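The structure under discussion appears below in the form of structure tokens.
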Amino acid sequence: MGAFGWIVDVAVFNFCIGVLDLQPVRSGVMASAVAMCVNYLGNRYWTYGDRATGKRGREMSLFLVYSLVGTGIQNGVLAIFHYGLDFTSALADNLAKNVVGLALGSLFRFWAYRTRVFRPAGGTVRGEPVRDAEPPAVPRSEEQFPVPLNERAGRR
């Protein structure tokens, strides 16, 4: 899902800079917000569609918090390159935000989404039980545990 979100992010970023003539960091934050919405839907229903849904409000809140941290990382790199290092061309802004910043922000977001937001169904995350997972099924009869053949034939 990340590739589609990245395309949306780059398109909105360049639209805000080129057409709307906004400042780079403001454009970056706006682009990240749009991509964040696209990424949530893609992650919830496609990438992690098999994971326990649990409480949707909790999931969305965590996704938002971790996405905002990732956005801060990504646009922080842009701000450092644009204002701190004085790389002010459109190419430099795109490389700072959509290559360097994206790589650092994506590493953080991948870890956060996989381990904290879209938790595995019926499993654990680093030894911590998943609270909203169903308990494992308990056998109801001996049909699920047949008697070995050597015991049926009277051999031991």
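Residue 331 is where the sequence shown starts when you use this note's numbering, and the numbers rise one by one after that. Just so you know, even glycine gets a beta-carbon here, dropped at the ideal spot from N, CA and C. A quick note: this is a predicted structure, and the numbers were derived from the prediction, not measured.
Same chain, Cβ closer than 6 angstroms to Met366, five either side skipped, listed in chain order | Here residue 366 is taken as the residue at index 36 of the sequence shown, counted from 1. Answer for Met366: Ser397, listed in chain order.
Span separating the alpha-carbon of Leu350 from that of Leu434 | For the purposes of this step, residue 350 is taken as residue 20 along the sequence shown, with counting starting at 1. For the purposes of this step, residue 434 is taken as residue 104 along the sequence shown, with counting starting at 1. Whole-angstrom Cα-Cα distance: 27 angstroms.
Where the alpha helix (DSSP H) containing Thr401 begins and where it ends = The sequence position of residue 401 within the sequence shown is 71, counting from 1. Unbroken alpha helix (DSSP H) run through Thr401: Arg386 to Ala409.
Which of the three DSSP states, helix, strand or coil, is assigned to Asp339?
-> To locate residue 339, count along the sequence shown from 1; it is residue 9. Here Asp339 sits in helix by DSSP.
Counting pairs of beta carbons, one from the region 403-418 and one from the region 355-362, are three or more of them closer than 8 angstroms?
-> yes
Own chain residues within Cβ distance below 6 angstroms of Ala426, not counting five before or after | As a first step, residue 426 must be located in the sequence shown, where it is residue number 96. If we look at Ala426 and ignore the five residues flanking it on each side, its Cβ neighbours are Val407, Leu408 and Phe411.
Hey, would you say Asn428 sits closer than 8 angstroms to Val342, going by beta carbons?
-> Here residue 428 is taken as the residue at index 98 of the sequence shown, counted from 1. Here residue 342 is taken as the residue at index 12 of the sequence shown, counted from 1. For Asn428 and Val342, no; Cβs fall outside 8 angstroms.
Please list, in chain order, all residues of the same chain as Gly335 whose beta carbon is under 6 angstroms from its beta carbon, the five residues on each side excluded.
-> Your numbering for residue 335 matches position 5 in the sequence shown. Around Gly335: Ala365, Val368 and Asn369.
For Ser436 and Phe417, the rounded distance between their alpha carbons | For the purposes of this step, residue 417 is taken as residue 87 along the sequence shown, with counting starting at 1. For the purposes of this step, residue 436 is taken as residue 106 along the sequence shown, with counting starting at 1. Each residue's Cα considered, the two are about 22 angstroms apart.
In angstroms with no decimal places, state the Cα-to-Cα distance between Ala420 and Ala333.
-> The residue labelled residue 420 in the question sits at position 90 within the sequence shown. The residue labelled residue 333 in the question sits at position 3 within the sequence shown. Distance between the alpha carbons of Ala420 and Ala333 is about 21 angstroms.
Endpoints, the alpha helix (DSSP H) within which Arg356 is located | Numbered from 1 along the sequence shown, position 26 holds the residue referred to as residue 356. First-last of the alpha helix (DSSP H) with Arg356: Pro354 to Gly372.
Under 8 angstroms by Cβ, that's how I've got Val359 and Asn424 pegged, so tell me the actual separation to the nearest angstrom.
-> Taking the sequence shown and counting its residues from 1, one reaches residue 359 at position 29. Taking the sequence shown and counting its residues from 1, one reaches residue 424 at position 94. 15 angstroms between Cβ atoms; not a contact.
Would the beta-carbon of Phe438 fall within 8 angstroms of that of Val399?
-> Counted from its first residue, the sequence shown places residue 438 at position 108. Counted from its first residue, the sequence shown places residue 399 at position 69. A contact, by the Cβ cut-off of 8 angstroms.
Secondary structure at Ala333, three-state DSSP: helix, strand or coil?
-> On the sequence shown, position 3 is the one that residue 333 refers to. If DSSP states are grouped into helix, strand and coil, Ala333 belongs with the helices.
Taking the alpha-carbon positions, what's the Ala442 to Gly348 distance?
-> The residue given as residue 442 occupies position 112 in the sequence shown. The residue given as residue 348 occupies position 18 in the sequence shown. The straight-line gap from Cα to Cα measures roughly 32 angstroms.
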